[in-house]
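Enquirer:
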Amino acid sequence: MTEAGVRTTCPYCGVGCGVIARPDGSIVGDPEHPANRGRLCSKGSALAETLADEDRLTHPLLHGRRVSWNEALDLVAERFAAVIAEHGPDAVAFYVSGQCLTEDYYVANKLMKGFIGSANIDTNSRLCMASTVAGHGRAFGADVVPGIYDDLEEADLVVLVGSNAAWCHPVLHRRLLAAKARRGTRIVTIDPRRTAACEEADLHLALAPGSDVALLAGLIVHLADHDALDRAWLDAHASGLEETLATARTTAGDLDRVAAITGLARSDIALFYDWFATTPRTVTAFSQGVNQSSAGTDKVNAIINCHLATGRIGKPGAGPFSLTGQPNAMGGREVGGLANQLAAHGRFDDPIDVERVRAFWRAPNLATRPGLKAVEMFEAVRDGRIKALWIVATNPAASLPRAQRVREALEACPFVVVSDCWPTDTTALADLVLPAAGWGEKDGTVTNSERRLSRQRPFRKPPGEAKADWWILAQVARRMGWDEAFAWNGPAAIFREHATLSAMLNAGRRPFDLGALATLDSAAYDALEPCRWPLPAGAASEGGRLFAAGGFPTPDGRARLVPTPFRPPAQQPDAERPLLLNTGRVRDQWHTMTRTGRVPKLLAHIGAPTATLAPGDAARLGIADGGLVRLTSADGSLVLHAAVSATQREGEVFVPMHWTHAFASAGPVARLVGAACDPVSGQPELKATPVAAEPVAIR
Ligand code: SF4
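Counted from 1, the sequence shown has number 436 at position 436 by UniProt numbering; the numbering is strictly sequential.
Written as C-alpha cells, this is what we have:
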C-alpha cells in the first residue's frame with residue numbers, strides 16, 4: 001500500500017468502478033478509473049463497512065468440525081477422484097460465480113474441462129447474462145460486446161430495455177444523466193414497472209411482461225417501411241434481413257397489433273419508433289428484464305436486429321449494449337466459465353478450437369461437448385446423476401429457481417463442497433466448507449460491461465486460514481495428479497497463461513487482438529492500468545470499437561439478423577394464480593446480502609422485503625399497504641409485507657431477490673420462481689411466475 005492507498009475495483013456490479021483503499025481504512029472512488037472517474041454509488045461508498053472479520057469463515061469445516069487444509073484438500077481430491085473412477089467425469093460438477101476473479105475462473109474451467117473431462121462447470125452468470133451470451137453468438141459469431149461506456153454519453157437517444165440502471169448500474173446511470181443535462185440526450189425506458197430509471201426518462205413504455213419481442217418486431221417493420229434501413233451497410237456486413245422482416249411482419253404487422261400485444265398506447269409506440277428511426281446516434285442498453293426470460297435470447301437478437309438493420313453498431317454513440325450484472329460476469333465469459341463455452345471464446349462445435357485448447361493445456365481428458373447448465377445441473381444433483389458438487393462464491397440454495405428443490409438436491413448429494421467467505425443458506429448444507437479470501441484480500445483481474453479489465457488488488461490479510469479460490473482449486477488439481485499443469489506461483493502466472501491461450505486460440509480466426517496482455521511479467525501485471533480487452537484487430541489504442549468496419553467472427557465475416565417469432569412468458573396467469581411475479585434488485589443490496597446486509601446504513605433504504613402490488617389488485621384482493629400478503633406459486637409460498645404502489649402494473653407483483661433465510665424468516669423469493677428457462681441460453685425466467693396473492697391476518 002502506498003501513501004495514497006491501494007487502487008482496486010468495486011466487487012459489486014458490472015460497471016466496475018475503480019476504488020482506492022486508503023491507509024486510514026476509508027475507501028473512496030478512484031478519480032483516474034475510466035469507468036467512474038471518482039464517483040461511487042451507495043454500495044460502493046459503504047465498502048469499508050463490509051470488511052469486519054466478524055462471522056467470517058476462517059478454517060475448513062468438515063460437518064462442522066475444524067480440519068486442517070491438508071485434510072480438507074486431500075478429502076476433496078479423493079472424493080472427486082473416487083466418483084469419477086466409479087461413475088465417470090459427468091458425475092461431478094462445479095458451480096461457480098461472477099464474483100470469482102478471472103484467474104479463479106480460469107483454474108476452475110481448466111480443471112473441469114481439460115483434466116476431469118466434463119463440461120459440468122456452470123456459473124451464477126447463467127441467471128444473469130446467458131441470454132446475451134447466446135444472442136451475441138447468434139448475431140456476431142462470438143460473445144463480445146461492441147459498445148463502450150462513452151457511447152452512452154455520445155448518443156442522442158438511449159433506450160433502456162429491462163434495465164433499472166438507476167439502481168442496478170448507478171454510476172453509469174449518473175454518467176447518462178450528466179450527458180442528458182449537457183447535450184439533451186433523449187431517454188426511453190421499456191419496463192413493465194415504473195422504476196427509478198423512469199424518473200428522468202422522456203418516455204416510459206410500461207409494456208406487458210415478456211412482450212418486448214413484439215414491440216421490437218414492430219420497430220424493425222417501421223424502420224423498413226419508413227426508409228430507415230442502412231441498405232449499404234447491410235449489403236456489406238450483414239445477412240438475414242428478409243427472413244427477419246418476414247417474421248417480424250407476422251408478429252407485428254401494424255401498430256394496432258403491437259398495441260394489443262404490449263398493452264401500450266398506439267401514440268407512445270409511434271413516438272418511440274419515430275425517435276429510433278430518426279436518431280442515428282442511438283444506444284439500446286439492456287439488462288435482466290431482457291435476459292431473465294424464457295424468450296431472453298430472442299429478445300437480445302430482436303434488439304441487435306434493429307441495430308444491424310440501421311448499421312448502428314461499432315460507431316460513436318450507437319450500438320446494442322448489454323449491461324452485465326456482476327463484477328466479473330464478463331471475465332468469466334472470456335475464460336469460458338459457462339457450461340456451453342470451451343475457453344477463450346472457443347466453441348465446442350469448432351474442431352480447430354477444440355484441438356488448439358487440447359494442445360495448449362496438454363489436456364489428457366478434454367471435454368468435447370457442453371455440460372449441464374445451472375438449472376439442469378441441480379436437477380442432476382437431485383436425481384443422483386451428479387454425486388460430487390463444488391460450489392464457489394455463490395448461494396444457490398437461496399438464488400436458483402425452485403430454491404426448495406435445490407436445498408433438497410444438496411441434502412441428497414453424497415458430497416458437497418462450498419467455498420465462501422461467510423456462512424450462507426448453502427454452506428449450511430455442505431459436507432465440507434472451505435474458507436475463501438474475500439474482496440480486499442484477493443489478487444487478480446475482473447472485466448466490466450465495456451470489456452474493461454481492471455485489477456483487484458489486496459490491501460488486507462485474509463482472516464484465519466482463508467485462502468484464494470485459485471489456490472484452493474489448484475491444490476485439489478495437484479492432489480488429483482495434475483501437478484505440472486496447475487503449478488502456478490501466483491495470479492500473474494495464471495493470467496499470462498489465460499492471455500496466451502486467448503491470443504493463440506483466436507489468432508487468424510477472430511478479428512480481435514488478444515495478444516497485448518500475453519507477455520505481462522509480474523511487475524507489469526501488478527501495475528496494470530484499466531484497459532479494454534480484446535481490442536479490435538489492428539487497433540492502435542483502446543479507442544477503437546469492435547465491428548466499426550464490420551468484420552464479424554462468423555465464417556463469412558458477416559453479422560446475422562435472426563428471425564425472432566414472438567412468444568409470451570412460458571407460464572401464463574390463470575384463475576388460480578392470476579398475478580405474474582417479477583423479481584429483481586433494490587438499490588442498496590447485493591445478491592443474497594452476505595456483505596451489504598451487514599451494513600446498517602444500506603438497510604436504511606429498504607430494510608425488509610415487500611411484495612409490491614398495483615392499487616387495483618390490492619383493493620380487489622383486500623390487501624392493505626403494510627399488511628401481510630401470502631404469495632403462492634406452483635412451487636411454494638411466502639408471507640411478507642405488502643406495498644401498494646402505482647409504479648406497479650395491474651396483474652403483477654414485484655419482490656426483491658436479496659432476502660434469504662439468514663435475513664428474513666420467510667426465506668428467499670427464488671423458492672416461488674418456476675422451472676421455465678430459455679431454450680437456447682438455459683437462463684431461467686425469473687420475472688414471470690404466476691402466483692396467487694391473499695391477505696394474511698396480523699395477530
Ligand atoms: Fe460498485 Fe457498481 Fe456502485 Fe460502481 S456502480 S460503486 S461498481 S456497485
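From the three backbone atoms N, C-alpha and C, an ideal C-beta is built for every residue, glycine too.
1) Please write down, chain order preserved, every residue whose beta carbon lies under 5 Å from a heavy atom of the ligand SF4.
2) Return the CA-CA distance between residue 415 and residue 280, expressed in angstroms with no decimal places.
3) Please report how far the alpha carbon of residue 67 lies from the alpha carbon of residue 470, in whole angstroms.
4) Per DSSP, what kind of secondary structure is residue 321 in: helix, strand or coil?
5) Determine the contact status of residue 668 and residue 677, defining contact as a CB-CB distance below 8 Å.
6) Given this structure, state the Cα-to-Cα distance separating residue 148 from residue 236, to the nearest angstrom.
7) Report buried or exposed for residue 231, applying the criterion of at least 16 other Cβ atoms within 10 angstroms of its Cβ.
8) Please name the residue or residues paired with residue 417 in a DSSP beta bridge.
9) Would you call the region 291-310 in contact with the region 553-567, where contact means no fewer than 3 C-beta pairs closer than 8 Å?
10) Just reading off the alpha helix (DSSP H) that residue 195 is part of, what are its end residues?
11) In chain order, what residues of the same chain lie with their CB nearer than 7 Å to the CB of residue 525, ignoring the 5 residues before and after it?
12) Let me know the secondary structure DSSP gives residue 223 once reduced to three states.
13) Can you tell me whether residue 601 is buried or exposed? The criterion is at least 16 other CB atoms within 10 Å of its CB, across all chains shown.
14) Relative to the C-alpha of residue 367, which residue among 501, 438, 463 and 353 is closest?
15) Let me check one thing: in DSSP terms, what residues is residue 95 bridge-paired to?
16) What's the gap between the Cα of residue 456 and the Cα of residue 222?
17) Cβ atoms of residue 430 and residue 462: under 8 Å apart, would you say?
18) Going by DSSP, which residues form a beta bridge with residue 41?
19) Just checking my contact of residue 207 with residue 188 at CB under 8 Å: how many whole Å lie between their CB atoms?
20) Under 8 Å between the Cβ atoms of residue 287 and residue 131?
21) Can you tell me the Cα-Cα spacing of residue 173 and residue 589, whole angstroms?
22) Taking the alpha-carbon of residue 551 as reference, which of 284, 55, 142 and 86 has the nearest alpha-carbon?
23) If I'm right that residue 106 touches residue 446 with Cβ under 8 Å, what's the distance once you round it to whole angstroms?
24) Which residue or residues does DSSP assign as beta-bridge partners of residue 304?
25) For residue 624, which option in 88, 6, 610 and 632 has the closest C-alpha, if you only look at C-alpha atoms?
26) Beta carbon of residue 171: closer than 7 Å to some heavy atom of the ligand SAM?
27) If we ignore side chains and look at the alpha-carbon of each, how far apart do residue 703 and residue 521 end up?
28) Going by DSSP in three states, residue 269 sits in which element: helix, strand or coil?
29) Near residue 643, what residues of its chain come up, given a Cβ to Cβ distance below 8 Å and the 5 sequence neighbours on each side ignored?
30) Answer yes or no: do residue 348 and residue 369 have a C-beta to C-beta separation smaller than 8 Å?
31) So does the region 578-588 actually touch the region 384-400, counting three or more Cβ pairs closer than 8 Å?
32) Could you tell me the boundaries of the alpha helix (DSSP H) in which residue 522 lies?
33) Our contact map puts residue 406 next to residue 397 with C-beta atoms below 8 Å; I'd like the distance itself, whole angstroms only.
34) Could you check whether residue 328 and residue 592 sit closer than 8 Å to each other, using their CB atoms as the reference points?
35) So, is residue 572 buried or exposed, given that buried needs 16 or more other C-beta atoms within 10 angstroms?
Expert: Per the coordinate set shown:
1) 10, 12, 13, 15, 17, 40, 41, 43, 44, 170 and 171
2) 56 Å
3) 20 Å
4) strand
5) no
6) 23 Å
7) exposed
8) 390 and 432
9) yes
10) No alpha helix (DSSP H) contains residue 195, which DSSP labels as neither H nor E.
11) 492 and 495
12) helix
13) exposed
14) 353
15) 122 and 391
16) 46 Å
17) no
18) Answer by DSSP bridge pairing: none, since residue 41 is not bridged.
19) Actually they are not in contact, since the Cβ atoms of residue 207 and residue 188 sit about 11 Å apart, beyond 8 Å.
20) no
21) 17 Å
22) 142
23) So it is not a contact: roughly 13 Å between Cβ atoms.
24) None, per the DSSP bridge assignment.
25) 610
26) This structure lacks the ligand SAM; its bound ligands are the ligand SF4.
27) With the chain covering 1 to 699 only, the question about residue 703 has no answer from this structure.
28) helix
29) 610, 611, 612, 613, 625 and 626
30) yes
31) no
32) 522-526
33) 5 Å
34) no
35) exposed
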